[in-house]
Amino acid sequence: MLDFAKNIAKEAGSLIVSAFDQPPHYHEKVSFADLVTDTDKQVEDLVMSRILGTYPDHKIIAEESASGRSILTSDPTWIVDPIDGTSNFVSKFPFCAVCIGFYKEKQAQFAVVYNPICDQMFYAERGKGAFMNGRGLRVSHCTELHNALILTDWGGDRNASNLDTKAANIRRLISEARGVRTMGSAALHMCQVAAGQGDVFFEFGIHCWDYAAASLIVTEAGGYCCNVDGGPVDLMARHCVAASSKQLAEMICQKIVPISYPRD
Ligand code: IPD
Ligand code: CA
Ligand code: CA
Ligand code: CA
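Have a look at this one:
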């Protein structure tokens, strides 16, 4: 099934690559900074039709077709983000990915995050490790904030008070950390943590399709993912902390002020 998901991601990636250099057709969603393109919808249609063509009884939670609350049951469920990093895609910044996570009994079984522009296929299977293009992934050894490269993002929410809290969190962390980077794809940031190319990621306002696949890739690479209160990842909580170590995750949780968004 993992190979099946990788093949779908490759096929979806070809759609993204051929649209990447074309003028994008996009619409605004909740703000002028929250976009959806025709390609997001084409990719989502493709991924859904491939999954349902082979597994007609499986459930799918996918960003552009989700309406209202997303409910994860014990049934086999695919969680799909057709393009994570749509604003990057629109601005031709080569940092976007197709995300496909497969859950059963509410636990991630395997996951694929594919950046087709750089041809980087990140994937993991429960208990079998995490890989990028066939190479095993391992998180960094970082346990101290002083040595940490922190990855986060602003998201598409332009609410002034939420932006103030996000800015204050970055301000608080940067005084103690090596650096803070924001690159516009939550899933790829998490894969960077898995690859040891960054030490911790956190973000408030993300959705289940942003972190459902990537969180398995982080944990299978030896990393630690949690809620902002330190508890287990809650896929519908609209936030996630993913770190190279439990210590680092807990340090971040202590330092940041949470922002609450309506649950998925
Ligand atoms: C977004 C990206 C971005 C993050 C936003 C997400 P999208 O996903 O992951 O990095 O800051 O919160 O919504 O909309 O491009 O799939
Ligand atoms: Ca989006
Ligand atoms: Ca996304
Ligand atoms: Ca998306």
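By the working numbering, the letter at position 253 of the sequence shown is numbered 253, and the numbering carries on one by one without gaps. Note that the Cβ used here is the ideal one computed from N, Cα and C, for glycine as well.
Nearest neighbour of residue i, chosen from the options [CA to CA]
i: I60; options: A212, V218 and E11; result: A212
i: S74; options: K104, I259 and I8; result: K104
i: A243; options: D264, V257, S260 and E203; result: E203
i: S49; options: W154, L188, L72 and V80; result: V80
i: F32; options: E44, N159, G223 and S14; result: N159
i: R126; options: V98, L188 and E220; result: E220
i: R172; options: D57, V257, G156 and T77; result: V257
i: L188; options: V90, E44, P82 and C96; result: C96
i: P82; options: Q247, A12 and T182; result: A12
i: Y26; options: I100, V90, H146 and F4; result: V90
Any non-hydrogen atom of ligand 2 within 7 Å of residue i CB
i: D34; result: yes
Distance cut-off 7 Å: residue i Cβ against heavy atoms of ligand 3
i: A186; result: yes
Any non-hydrogen atom of ligand 1 closer than 7 Å to residue i Cβ
i: I206; result: yes
i: D38; result: no
i: E220; result: no
Nearest-angstrom Cα separation, counted from residue j out to residue i
i: C253; j: V200; result: 11 Å
i: Q197; j: S140; result: 7 Å
i: V233; j: S14; result: 32 Å
i: D264; j: E63; result: 11 Å
i: V30; j: Y123; result: 31 Å
i: N162; j: C191; result: 25 Å
i: S260; j: I174; result: 22 Å
i: T143; j: K255; result: 15 Å
Neighbourhood of ligand 4 [Cβ distance below 7 Å to any heavy atom], ordered by chain position: Those residues are D40, E63, D81, P82, I83, D84, T86 and W209, given in chain order.
Within the region 186-214, ranges of the beta strand (DSSP E) (whole runs, at least 3 residues): As far as the region 186-214 is concerned, its whole beta strand (DSSP E) runs of at least 3 residues are 200-204.
Runs of alpha helix (DSSP H) lying entirely within the region 5-77, each at least 4 residues, in chain order: Counting whole runs of 4 or more residues, the region 5-77 contains the alpha helix (DSSP H) stretches 38-54.
In chain order, each beta strand (DSSP E) run of at least 3 residues that lies wholly inside the region 93-175: Restricting attention to beta strand (DSSP E) runs no shorter than 3 residues, the region 93-175 encloses them at 97-104, 107-115, 120-125, 130-132 and 149-151, ordered along the chain.
Length-filtered (3 minimum) beta strand (DSSP E) runs lying within the region 221-256: Uninterrupted beta strand (DSSP E) stretches at least 3 residues long and entirely within the region 221-256 occur at 224-226 and 239-243, given in chain order.
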